[in-house]
Each structure stands twice: as structure tokens, then as C-alpha cells.
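Below: one structure, written as C-alpha cells.
There are 2 protein chains.
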Amino acid sequence: MAVSTDRLVVIGGDAAGMSAAAQARRLRPTADLEVVVLEQGPDVSYSACGIPYWIGGQVSDRDALIARTPERFEADGITVHTHVRAEAIDLEAGKVSASDGRTYGYDSLVVATGGRPARPPIPGLDAEGVFGVHRLADGSDIRAAIAAGAKKAVVLGGGYIGLEMAEVLLARGLSVTVVLADPLPMAQLDDDMGERICAAMCSMGIDVQPNQPVREIEVGTDGRVRAVRTDTNSFAADLVVLGLGMGPETTLAREAGLGIGVTGGIDVAHTQRSRSHPEVFAAGDCVQTFHRITGEAIHVALGTHANKQGRVAGSVIGGRPARFAGVLGTAATKVGDLEVARTGLCTTQAEQAGFDHRTETIEATTRAGYYPGAEPIAVKIITERGSGLLLGAQIVGGPGSGKRIDVLATAIWAGMTAEELAGSDLSYAPPLSPTYDPVIVAARVASRIETG
Amino acid sequence: MAVSTDRLVVIGGDAAGMSAAAQARRLRPTADLEVVVLEQGPDVSYSACGIPYWIGGQVSDRDALIARTPERFEADGITVHTHVRAEAIDLEAGKVSASDGRTYGYDSLVVATGGRPARPPIPGLDAEGVFGVHRLADGSDIRAAIAAGAKKAVVLGGGYIGLEMAEVLLARGLSVTVVLADPLPMAQLDDDMGERICAAMCSMGIDVQPNQPVREIEVGTDGRVRAVRTDTNSFAADLVVLGLGMGPETTLAREAGLGIGVTGGIDVAHTQRSRSHPEVFAAGDCVQTFHRITGEAIHVALGTHANKQGRVAGSVIGGRPARFAGVLGTAATKVGDLEVARTGLCTTQAEQAGFDHRTETIEATTRAGYYPGAEPIAVKIITERGSGLLLGAQIVGGPGSGKRIDVLATAIWAGMTAEELAGSDLSYAPPLSPTYDPVIVAARVASRIETG
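Chains Z and V are the protein sequences, given in the same order. Residues 1 to 452 in the UniProt record's numbering are what the first sequence lists, from first letter to last. Residues 1 to 452 in the UniProt record's numbering are what the second sequence lists, from first letter to last.
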């Protein structure tokens, strides 16, 4: 009796795609499932989030950013075709046409085409010296520009990439101007927290220019960037970094006819199956996902979700029930010695979602006040009025501050109230924490407004 | 119309007592409630946990360990009598006789007599050069001994105080031998984690001597400690530190007739009211509390619980309903660069409580593997077989490891399963975490054994 082997085709070989491939591979033997990955670039499974630190020199070796090479995947029974771009998906025939001239028939398909850096509709964006921070090639291009003598950097945007790039370019000796369309950096946090971040950035010597949407990249006659122009200013630049966020890359999915959600990402169910074509899976930065608290559709480009969603798709393909459980929008970063983190709903989001809410902000230290290295930390908590349910939290502070957001993220995930969190049993030792951890202090203050 | 003023008497002016006093004060005006604290020592509200670091020199000033002075409390309307020892409680008459010759009548009473360092029944314990690490005076005595030329320290016990004292004495240039009755340090953790700690201590140059209950403190003719003798060895010492744990100090409570629980601590309800005499409150290291998971009675001497329990007592006295929500046994410490933490049930405790359980241990790094300062971290998770409910967790690793226990403590507190925690949304940034936080990796591996 002949045994037929199914084929899984994965389009895109980064976090989501390779997680799906690896999980499906783990659950089904090679005789039962062939796994083929098509990746348009030279690398698979690399850390886009690490690129700033390769530019900054904290990471000396490009290869260190590659979690697993194609050879490693091949050794595990996953066929990886790098430099092969998927050009079209024929959903009816179950086939993918690729840039290598071949057509890949599939029994299961995972679309993991990733994200696309946001590009404002302004002149000059294609000038030499304007860079994204998305692919490893971006990293080597920026490193080359610095090596070639770039001195004046302008970073567009004050989100995670903006902050990280500001830090590393400053460390590399460039002057750094961060140009914001918003009044403050880190628009995912409330204004009072953004003000703390802004003040810290300025004290590090970063020139923050708020409320100035970019109108034009001024280009010299040599085709190189010369300056960034806003309505009121022109900021000289020989290096411009785009840190304006990531949108979903869905060109291929749209052309194939896969349903697209309100956020612009591929519309998928909790199993990562396309809602319009359930036989197709999609995962990672290219999909629309949902918020754990509000249930609303959102797009979040982040490696953690990409990994988990890919793993869910691979599990289902492998025959094991799985579902993605949603996102809280937890995120963290650092700029210099300042750590910044958030989770759940910020004030604006809580308002938009119709929550009657309260906020409390406390200031404390990361360690016992008398222990060396105790640094200021501010914790803000947003709760639902009446129930005291935790809705969101934000942290800004010195080293040791950022990862404390995980306690709040876990509490929100579990549906805890501020009062419950205030009573919980967190660890204490003077080198690691004050007697009351700052998270407990914040929860206690937030619960007090409910209990009187 | 005459208004009568109630009087609250608090016996013991450290974490639990002063929290009770402050909370009651906050809730009731001075015309309604007089608050009087009797403290046998010279200080109130000091950090016993900080004493090792004052000895080690990380904290230069004794006063830095004092959170609030008697004068600060007085300014807030709390009368503090230092150097006044409560000598007897007359429960029927509602009076406390004190060493100042006065009798303090009370309407409300909080017993917060604290803990007592465990002292093994061996000869020589009162020799010069044998120290506890409990009161600020212990700290100055040990500092004086070092200044006077002590070179060879023997630390009895390998718990939190034992580890911390080993670290700071080593840092002060003494040779340090840690003598354990148990096979491994940190008996609150499983053996495999204890082995990691033991190996790290040895590599720091700490001489760890396991399985050797102490039989005698050998004393010279000058009355000074000379050595610590076990069944098989004699360890030369000119300084001996007792790190054998803390028991409840209940002499006063016993003599008064307050009910004592099976653990030896004062038997209290969730409101911190004495079960035998509900008109009396007790809080802190002198009471018996209960485990959040098993509901069983336990005694835990730790400032975090003392603070919270005192606050509960003060709230109830102040007219606001409150209850203590139990302990998970969360704790953390560091020895050198090694951070150690635990929460919930260890394997032995899970067995004793009758749980059919599983354990999983994973190894990861504290930051993205390619980022400078990424250190090894081991996370062990104990789950209930079948349900996957989280029962306990332990962490041993480099800087940045220990406080991750709080995520696990919160998840256990909320009654989450390993699978739920594995799906949760924790923060990621290369300088702060790998893509999958080590806690998530551990939860995922632990959930896999349930889901197949």
C-alpha cells in the first residue's frame, strides 16, 4: 500500500514561519509531512530586534543575530529555500508560484510574510542615507554609513525602534535628533510617562523635536540625504532612520484573495486559520490579532507573538489542538539606562474601549533605598472603576524596572484586581527589591481608591 | 458631651507593629484613637534584612537601615516608647505592664513581638564571637569583630541569612566556612537547584561543609570562640554567625494565655485577630500564618508578610474590613552574582501535601543570548499532574534572574495553569529578555507534559 506524504509550504522564514515549520515537523514524521520554507532573503530565523545592538556594537557579530541557520533546519528535516520569493498563491489549486520558476503544491500553507516598515508619503524617502531597521541588510548598511563618516543622525519616530536607534547612534558618537509627529515619545504610554522618557532622553544629549510631522527628506545633488524638513525646521542629516512602526506585509495575501481585517492584517481565527480560507494559516507580523481585554482586532508587530502564532499554526497542522490567546500589548525597551515598559490598555485605549477607569502613579526605588544601585522607578496602573480590575500598567525607571511589567501583565492576563495583586506574595531581598515591591505599592494605592 | 478616646497599644515597633500603628492612625483621628508603641530596643522600623549589607559595607550608614525614626512617628501622632519592654499582658483587665514601671491600659492590642533566631542546644553558644544577625546591635557587634581583626568566619546554616552573610564576610576579606546540617544549602529549594547554588558558592571561594550538624562551639580560656565542632571536623573560627532561621517570639503571648498554633506561632485568624482572644491582634514574625495553596498552618519570618499583616490589623482596628490572603513562601536572595528565588511548594512540600505532581527544569539566558550580560538562568516549575496547575517554582541564575520569580508567584496566586502562563504576554527586548522569557519557556515545557 502506497503511503502519501503531505506537503506543508511556509512562506517567510522568520519567527512565525520557522516556528510553524519546526512545530509541524516535531509533531509529524518526515514520511507523513514534507516541510518546505520559501524565504526571499538570505537568512531565516534572525532577530530583527537585535539589529540596533549590532549597529551599536553591543553585538559584534552579525551571525549572532541568527538563531538558527538554514542548515540547522535542513538537518531537522525542514527544506529551506532562501533567495526564493513566493510570487503568487493559487488558493483553488493549492499551489505557490515562486521566483525560482518553480511551483510548489501544498496540502497545508502558512503565510508568514512579516511586516513592512511604515513609510510616510513624502519626497526623498528613497535617497541614499535613509534606512529602515528591519532586515539584517539594513543593519550592515547603517554600519557602513557610520564607518564612512556619518555624523548627524535624524531618527524619525519615537517608538521602540526610535528609542533604541537613538541610544545606539549616540553611543557610536553621532549627534542624534529624534523627530516626532506626536507631542511625546512612546505614544503607547500615557503623556505623564512620555514626559519622563522625554526628559531622560534630553538629559542623555538626544535632541527630541516633538510635534513636527516630516514633510520632506531633502536630497543633495549627489543623491544623498542632506536634511529632514518639517513645517518649521530643517534638521541637517547624513543618516536618517525610519522608526515609524511596522505595518503588515500582505501584498501576496491580498492578491491571492485571502480576507484582510480592519487593521490591514490578514484576518485569522484563534487557530491562525484564515477566516476567509480556513485551509490556509497565517501568523506573525502579517496578521491581525486580538486584544486580550477588549477582544478588539489589533495589529502588533512583535517577535513574541509571531513565535507563538507560528507555533499555534504548526500545532494545528501537526494534529494537536491549539489556539492563540490574544495580546495585551506588553512591550519593553531601554534608552540608555532608562527602561520603559507597558502592558494592557493605556488611558486613551481604556477610554476608547468604554471603560470607566482610574489611574494611579507611584514612585519608588528598584532596590531597598539604602542598597547601592537603587534607582528611581515610576509605576502607573489603570483600573476599572468600581471593580478595581487591572486594565493596564506602565513603568519607567532605572535598570531593573522594565521586566517588572511582567508581573502586571500576568495579573491582567489572569483577570486580577488591584486589591488581589496588592495582597500577593512577591519576593523581597534588599539587593533586588524594597520590602514592598514597587508593583505592590502601585497596586495598593490603586486598590485604595476603590476601598476608600 | 464628653468624647472618649480609645487607646491602641502595640507591643513591638518593627515592621508589623509600626505598620499596624500607622494604618490605624491613618484611619482614625487622634481625638478618637491614641496610638502607643512599646519597643524594647532603641530603634523602630528598621530593616533586619539589610544588616548583612551594612556589615558588608554596601550600606555605609547604620541609620540608612532605619525606615522611620520614632520622631517621625511622633510627628504623625503615634507615641513611641523605645527601651520599654512589655513584661506582661493582662487580657482580662486589658492592660500591659511594662519595664518603665507603668501600666498601659488598652482598648485594642497588637502583639508584634517578632522573631527569635534559632539557637541549637549545644555548648558554647554564648561565647564571645558568636553572633545572630537580627538586631542592629548584632550588625555593629559583627562590624566591631571584623575591625578587631577577625579572619576566620564560620556561618551556621545555608538559608537566606547564611548565604548573605557568607557573601559579605568573604567580601570583607575573611575566610568563610558554611556548615550545614543538611546535604545542601537552601533547603527550601529542591536538591538539583541546591546543587547549583552549592557549586556557585564553592567557585566563589566559600567552603561549604554539608551534612554536619554542629555539636559544640569550642571556647578558648579567654571566653572567646575558637572553633566549631561537628561529628567529624573542627573548623577554626574567630567569628561565628548563626543563620539557622527564625522562630516566633511568643514568650509574652504564652504567659498571657494567648492561643499558640501548631507551628509555635500565635494562632490568628485571617483578620490577624487571635483565635483564642479575638479582641487581641497579632502580626509579623510572632504569628502562625497559612499557606495560600494548601491552607496549612506555617510560620514564615519575613518583612513583607509582617508589613502586610500589621496593615491588616491596623485596618480592622481602624474600622475597615481587611484580611491577610496567605503566603506562597516566595523568597529571593543573592550570593555573589548568583540570584536564588523560590515560590509556592517545592517537591517535598508538594509530596507532603498529597499532590500528584511533575517537575520540569529549563536552562536559558537572562537576556537575548547575543546581548552583553546575558547570563545563565535555570527555572524549575512544579505542576499538578492532570490539571497542569502551577504549584511552585524555583530560579537560580545570574543577575536579573531572581525577580522573575514574581511572575510565577503571581500566576500561582491567581490559580493559573502552566499552559495559561505559557500563552501569556510577557515583555521582550534583547537587553532585558530572550524572545521567549525563561519563565515562558519553563511554563511551555511544563505544559507540554500535560498536553502530550
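Where is the CB? At the ideal position from N, CA and C, for every residue including glycine. None of these values were measured; they are calculated from a predicted model.
Strand pairing of K95 (chain Z), partner residues [DSSP]: Z:D90, Z:G105
Supposed close pair G284 (chain Z), G114 (chain Z) - CB separation, criterion 8 Å: 6 Å
Bridge partners - R119 (chain V), DSSP secondary structure assignment: Paired residues: none, contrary to the question.
Contact under 9 Å by Cβ, Y106 (chain Z) with V9 (chain Z): yes
Check whether R7 (chain Z) and V35 (chain Z) have beta carbons under 9 Å apart: yes
Rounded C-alpha distance that separates R196 (chain Z) from P434 (chain Z): 22 Å
Contact with chain V by L109 (chain Z), beta-carbon distance below 9 Å: no
Exposed unless 16 or more other CB atoms sit within 10 angstroms - verdict on C286 (chain Z): buried
Residue-level contact to chain Z via CB, R292 (chain V), 9 Å cutoff: yes
Candidates V:P321, V:T333, V:P431: closest to I395 (chain V) by CA position: V:T333
Cβ-based burial, G101 (chain Z) [other Cβ within 10 Å; buried from 16]: exposed
Inter-residue CB distance, A20 (chain V) and G310 (chain V) (contact presumed, cutoff 8 Å): 4 Å
Where the alpha helix (DSSP H) containing F73 (chain V) begins and where it ends: 70-75
Whole-number beta carbon distance between I298 (chain V) and T289 (chain V), since they are thought to touch under 8 Å: 6 Å
Chain V within 9 Å of G423 (chain Z), Cβ atoms only: yes
Where Q349 (chain Z) falls: helix, strand or coil (DSSP): helix
Cβ of R404 (chain Z) within 9 Å of any chain V Cβ: yes
F324 (chain Z) at chain V interface by Cβ criterion, 9 Å: yes
Alpha carbon of L391 (chain Z) to alpha carbon of A446 (chain Z), nearest angstrom: 11 Å
Rounded separation between D63 (chain Z) and G50 (chain Z) - CA only: 11 Å
C-beta neighbour in chain V for M416 (chain Z), strict 9 Å: yes
Assigned secondary structure, M1 (chain V) (DSSP; H/G/I helix, E/B strand, else coil): Low confidence applies to M1 (chain V): its pLDDT is 47, below 50, so where it sits in the model is not reliable enough to give any reading.
Chain V within 9 Å of S387 (chain Z), Cβ atoms only: no
Residue 484 (chain Z), buried or exposed, once every other Cβ within 10 Å from all chains shown has been counted against 16: With chain Z running from 1 to 452 in the structure shown, residue 484 (chain Z) is simply not present.
Contacts that L432 (chain V) makes with chain Z (C-beta to C-beta distance below 9 Å): A332, T333, K334, E339, A341, G402, K403
Any chain Z beta carbon closer than 9 Å to P210 (chain V): no
Cα-Cα separation, residue 462 (chain V) to P248 (chain V): The structure shown has nothing for residue 462 (chain V), since chain V only spans 1 to 452.
Selected residue, minimal CA-CA separation from L174 (chain V), among V:L239, V:D190, V:R229: V:L239
Segments of 4+ residues assigned as alpha helix (DSSP H) that fall wholly inside the stretch 10-75 of chain Z: 15-27, 51-56, 70-75
Against chain B: residues of the stretch 353-375 of chain Z by CB proximity under 8 Å: Here chain B cannot be found, since the structure's protein chains are Z and V.
Nearest candidate by alpha-carbon position, reference A368 (chain Z), set V:L27, V:P29, V:I66: V:I66
Which of helix, strand or coil DSSP assigns to G162 (chain Z): helix
Interface flag, V327 (chain V) vs chain Z, CB-CB below 9 Å: yes
Of the listed residues V:F73, V:F281, V:G398, V:Y46, nearest to V340 (chain V) (C-alpha basis): V:G398
Distance CB(residue 491 (chain V))-CB(P185 (chain V)) smaller than 9 Å: Outside the displayed range of chain V (1 to 452) lies residue 491 (chain V), so it cannot be described from this structure.
Of the listed residues Z:G257, Z:P210, Z:D126, Z:G314, nearest to L242 (chain Z) (C-alpha basis): Z:D126
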